[in-house]
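The structure under discussion appears below in the form of structure tokens.
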Amino acid sequence: MQAERTNSAESRILHYVSIAMVLTGALALCISDSHGRYSRTWIAVNTLIEVAVAFLGAKYFLALKKRGGTESTVNLILLAVMLLSLAWEPVQRISFGTGRPFELILMFACKNTLLIMATAGCWGKYQRFAAWGSIFLMICAATTYSGPDMIALAGLELVLGFFWLFYSHWNSLKVALLPAVKKQNLGKYLLLSAIAVLLFLIVSFSGENPIVHAFKGFIPSSGGDSRGDLYARDGLGDGELLVAGKYDIRSFAPIENAPFMSSDDPSLYDIMSDTYDEPGEISKNIDRAIGLKLQDQKIEEKELPDAENINRHFSTARDQKVAEEKSSDGISSDAILHLSGRTPLHLRMETYDIFDGVNWFSEPLKTDFKKSITLKERFEKPWIVVNGKAHTLSQECRNELHVITNNHLKSNQLPAPLHLREIHIDLVDRLDLFGWYQDSIVKLERKELPRLVPMHLISHFPDQKQIQYRDARFAALSHQHKHYIALPEVPLIPKIRGLANQLVADTENDWDRIKKIEQYHREHFKQDRSVAFDGKQQLPLDEFLFESKAGPDYLIASSAALMLRSLGYSTRLVSGFYASPDDYDLKSDHTPVCADDVHFWVEVKVGPGPDDWCTIEPTAGYAVLGPPLSLYERTVEAILVATYWIGNHFVFCFITLASLIGVLLFRYQISACLITGWLRLYRPRDTRRLIFRTLWLLELRIRGQGQKRPLTMSLNQWFRQQAEHLSVNANCLAELAHYVNWAAFAPSSSDQIPSPGREQISDCCYQIINEARWVKRTP
1 MQAERTNSAE
11 SRILHYVSIA
21 MVLTGALALC
31 ISDSHGRYSR
41 TWIAVNTLIE
51 VAVAFLGAKY
61 FLALKKRGGT
71 ESTVNLILLA
81 VMLLSLAWEP
91 VQRISFGTGR
101 PFELILMFAC
111 KNTLLIMATA
121 GCWGKYQRFA
131 AWGSIFLMIC
141 AATTYSGPDM
151 IALAGLELVL
161 GFFWLFYSHW
171 NSLKVALLPA
181 VKKQNLGKYL
191 LLSAIAVLLF
201 LIVSFSGENP
211 IVHAFKGFIP
221 SSGGDSRGDL
231 YARDGLGDGE
241 LLVAGKYDIR
251 SFAPIENAPF
261 MSSDDPSLYD
271 IMSDTYDEPG
281 EISKNIDRAI
291 GLKLQDQKIE
301 EKELPDAENI
311 NRHFSTARDQ
321 KVAEEKSSDG
331 ISSDAILHLS
341 GRTPLHLRME
351 TYDIFDGVNW
361 FSEPLKTDFK
371 KSITLKERFE
381 KPWIVVNGKA
391 HTLSQECRNE
401 LHVITNNHLK
411 SNQLPAPLHL
421 REIHIDLVDR
431 LDLFGWYQDS
441 IVKLERKELP
451 RLVPMHLISH
461 FPDQKQIQYR
471 DARFAALSHQ
481 HKHYIALPEV
491 PLIPKIRGLA
501 NQLVADTEND
511 WDRIKKIEQY
521 HREHFKQDRS
531 VAFDGKQQLP
541 LDEFLFESKA
551 GPDYLIASSA
561 ALMLRSLGYS
571 TRLVSGFYAS
581 PDDYDLKSDH
591 TPVCADDVHF
601 WVEVKVGPGP
611 DDWCTIEPTA
621 GYAVLGPPLS
631 LYERTVEAIL
641 VATYWIGNHF
651 VFCFITLASL
661 IGVLLFRYQI
671 SACLITGWLR
681 LYRPRDTRRL
691 IFRTLWLLEL
701 RIRGQGQKRP
711 LTMSLNQWFR
721 QQAEHLSVNA
731 NCLAELAHYV
741 NWAAFAPSSS
751 DQIPSPGREQ
761 ISDCCYQIIN
771 EARWVKRTP
């Protein structure tokens with residue numbers, strides 16, 4: 001009878017654990033479905049209804065089984081629930097005008113069916129279906145929403161799932177285990193559950209994206225890639241209705257009629273004018289020998305910028321920018337781009353080759369420029385290949401993906417990294433939609449980039465450590481473009497050349513010389529966009545370089561470019577946007593790029609090929625993205641970061657470490673104190689349980705003194721061996737050994753012991769609980 005009651009209790013525990021698992025998965029699915037659509041009150045009411053249905057259903061099915069009900073009745077109920085769940089969707093769409101995508105309709109039908117299966121868990125097969133199905137519900141919910149509450153629910157699901165798995169496994173063995181073994185198994189349940197939660201948290205918070213990924217076709221998609229769904233929502237995939245901008249205007253939506261964030265969309269030059277203010281007027285007293293006569297360079301008239309491109313220039317002479325008053329509301333400007341992928345990242349928009357002393361002129365596209373654009377398939381998607389030839393810097397580079405979304409940048413130039421290889425825009429497979437704005441910058445053959453459409457870019461990021469072994473000057477001279485080494489005929493140039501030669505006088509390696517120029521600017525010049533030089537007294541670059549040493553980034557980049565050209569290295573100025581890792585938004589897993597992120601930097605030719613350019617960042621506070629770190633580099637970086645953090649929190653770390661060491665050394669004593677207090681406050685009603693817990697406590701107290709019972713030694717022998725060290729009567733220990741043997745091996749019929757006998761056992765156990773302490777005796 002006792003064995004039957006024990007099995008019934010254990011079965012009921014598994015039953016209620018499986019119900020809790022399904023309720024947890026159902027709550028997670030409800031949160032992911034209602035995110036941004038329904039209030040938390042609605043979620044709470046829905047959850048309370050499901051909890052009530054679960055426990056009322058459990059009572060009903062338990063009563064049904066006792067009355068001799070069969071599984072066929074349960075099957076009919078499950079079929080009815082599934083059909084009603086599917087039939088509710090048309091009613092909801094017709095009556096309330098709301099609905100769900102097809103994948104979520106199926107998921108909610110499965111959720112309702114699994115909930116009924118869990119309530120019918122008194123039949124073992126339904127319980128197993130419900131337990132495993134609840135994990136599928138959690139995976140589905142986690143693919144569409146990754147907030148803190150979802151992570152907490154997933155952790156709870158893991159704990160419940162591991163407990164159900166381990167408990168059901170050991171329960172199925174039907175072995176009468178010794179008390180010590182039973183305690184070890186219970187500890188294993190808790191330990192493995194804790195490890196599972198720890199691993200889940202590590203996976204959730206590591207890497208760049210905390211969202212749990214799953215296989216395509218088994219979880220909610222975003223409308224599919226071959227059909228449209230009016231009720232599609234965010235999920236896996238890149239369907240034509242990914243997110244239609246219904247709830248967040250900055251959300252992605254690959255549709256041409258997606259809503260616009262602003263009607264006054266800025267171009268790159270608008271952003272530059274707003275950031276650096278308008279160009280100033282050069283005084284006529286300044287030597288105007290800068291009229292495109294380039295020192296020591298024979299550039300023919302036809303090679304100079306034509307009438308169309310002459311206006312595409314950037315002036316280093318700017319009026320002083322008036323400080324703008326910040327809004328009292330503290331509202332920041334909207335992002336013009338959103339970026340997904342590793343940062344920091346330089347997004348190129350325009351390159352400049354000729355400098356006349358004041359103006360940088362945009363590099364024109366040559367009339368005979370021929371660079372093929374091809375189409376290829378990657379994972380059944382069309383990819384536009386803009387650079388299929390491997391440059392010498394990418395011998396060990398691997399493809400790296402970034403996703404850029406245009407919010408409201410008015411431009412048809414594609415903001416992209418330097419070594420762009422391939423482009424993918426959903427459902428776009430026409431080559432005539434792409435062209436060249438400059439010989440290294442791609443444009444779309446339309447007025448501007450599509451809004452709110454994810455544009456996938458595959459690029460290479462060479463390791464600059466490998467460039468130091470190259471002869472950059474030889475590579476540049478063998479494929480030299482005269483515009484890239486041209487210098488204006490102004491008095492400033494000899495001063496720049498003299499300073500550059502002085503900086504690299506003791507350096508032979510070309511790459512080291514380039515890096516010295518870069519490092520000099522990073523250490524000696526401060527970026528300050530509030531400082532501007534109007535050029536009315538002297539050339540802006542002259543005043544900045546030799547007097548002020550503080551100014552905007554375009555002057556720092558211009559100074560570095562001219563120094564490198566004076567040393568004979570092919571150099572060009574580049575403008576675009578800088579995506580900073582400091583702006584990364586963990587919640588959206590994107591880096592916003594705002595108008596304030598407009599930036600200037602330098603590119604130097606370091607290889608023999610036409611694409612062997614390298615990004616140089618002379619402005620302090622900006623970094624260049626390299627290849628992904630190797631496992632060894634990540635390990636070293638993690639150690640350095642951890643060491644730095646420990647150094648900044650030394651007192652906290654010391655106290656925590658000392659506490660952990662103390663807990664580890666005195667774990668048995670601490671456990672014994674806690675269990676003693678527990679047994680004094682709560683007396684077990686079951687006699688066998690009281691005996692086992694008394695033995696457990698006694699073993700912990702003795703283990704705390706370094707004494708462990710050998711597996712081959714009986715309890716009587718061990719108690720006789722330890723009797724002289726225990727501050728309790730030896731007869732009491734002998735009685736406990738007798739009671740333990742009875743509790744472990746006596747048949748269930750012997751539980752019906754008379755009241756005096758039960759009190760005698762209780763007195764013996766509590767005498768040991770209150771008095772038995774291990775005392776070291778000296779001989």
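Everything in the sequence shown is counted per full-length UniProt numbering, starting at 1 for the first residue and increasing by one. We put the CB at the ideal spot given by N, CA and C, even for glycine.
- The DSSP assignment places complete alpha helix (DSSP H) segments of no fewer than 4 residues inside the region 45-102 at 71-96, in order along the chain.
- For THR615, the enclosing beta strand (DSSP E) covers residues 613-616.
- With fewer than 16 other beta carbons inside 10 angstroms of its own, HIS524 counts as exposed.
- The secondary-structure analysis by DSSP pairs GLN669 with nothing; it has no beta-bridge partner.
- In the three-state DSSP reduction, SER146 falls in the coil class, being neither helix nor strand.
- If the five residues before and after GLY133 are omitted, its C-beta is found closer than 6 Å to the C-beta atoms of LEU114, all from its own chain and listed in chain order.
- For SER340, the enclosing beta strand (DSSP E) stretches over residues 337-340.
- For ARG513, the enclosing alpha helix (DSSP H) starts and ends at 510-524.
- TYR437 and ILE423 have their C-alpha atoms roughly 15 Å apart.
- Per DSSP, HIS738 is not a residue of any beta strand (DSSP E); the alpha helix (DSSP H) it occupies stretches across 730-745.
- Between the alpha carbons of ALA746 and VAL641 lies a distance of about 60 Å.
- For ASN359, there is no enclosing alpha helix (DSSP H); the enclosing beta strand (DSSP E) covers residues 359-362.
- PHE650 sits exposed, since fewer than 16 C-beta atoms from the chains shown fall within 10 Å of its C-beta.
- Looking from the CA of ASN741, the closest CA among ARG689, ASN729, ARG348, GLU759 belongs to ARG689.
- Excluding its 5 nearest sequence neighbours in each direction, LEU545 has C-beta neighbours in its own chain below 6 Å: SER559, listed in chain order.
- Taking the CA atoms as reference points, LEU541 sits about 49 Å from LYS381.
- Counting along the chain, the unbroken beta strand (DSSP E) around ALA579 starts and ends at 571-579.
- Only residues of its own chain outside the window of five on either side were considered, and among them ARG348, MET349, GLU350, THR351, GLN413, LEU414, ALA416 have a CB closer than 8 Å to the CB of ILE441, listed in chain order.
- With distances taken between CA atoms, ASN731 lies nearest to ALA772 out of LEU700, ALA772, TRP696, GLY704.
- When rounded, the separation of the alpha-carbon atoms in GLY706 and LEU726 is 14 Å.
- Closest option to SER588, judged by alpha-carbon separation, among HIS338, ALA154, PHE102: HIS338.
- Short of 7 Å from the beta carbon of ILE425, and not among the five residues preceding or following it, lie these beta carbons of its own chain, in chain order: VAL453, MET455.
- Under the three-state reduction of DSSP, ILE639 is assigned to helix.
- In this structure, LYS366 sits away from ASP463, with a CB-CB distance that is not shorter than 8 Å.
- In terms of Cβ geometry, THR343 and SER575 do not form a close pair [threshold 8 Å].
- Under a 10 Å Cβ-count criterion, ASP506 is classified as exposed, with fewer than 16 other Cβ atoms of the shown protein chains found around its own Cβ.
- The three-state reading of DSSP puts ILE425 in strand, counting E and B together.
- Short of 8 Å from the beta carbon of ARG378, and not among the five residues preceding or following it, lie these beta carbons of its own chain, in chain order: GLU422, HIS424.
- Remark: C-beta atoms of ALA130 and MET138 do not approach each other more closely than 8 Å.
- By the beta-carbon neighbour count (other beta carbons within 10 angstroms, threshold 16), SER659 is exposed.
- In the three-state reduction of the DSSP assignment, MET713 falls in the coil class.
- Contact annotation, GLY357 with LEU401: C-beta distance approximately 41 Å; criterion of less than 8 Å not satisfied.
- Shown here for ALA723: same chain residues with a beta carbon closer than 7 Å to its own, the five before and five after excluded, namely ALA730, LEU733 in chain order.
- Less than 8 Å divides the Cβ of ARG513 from the Cβ of LEU567.
- By the CB criterion at 8 Å, LYS605 and ASP612 fall inside the cutoff.
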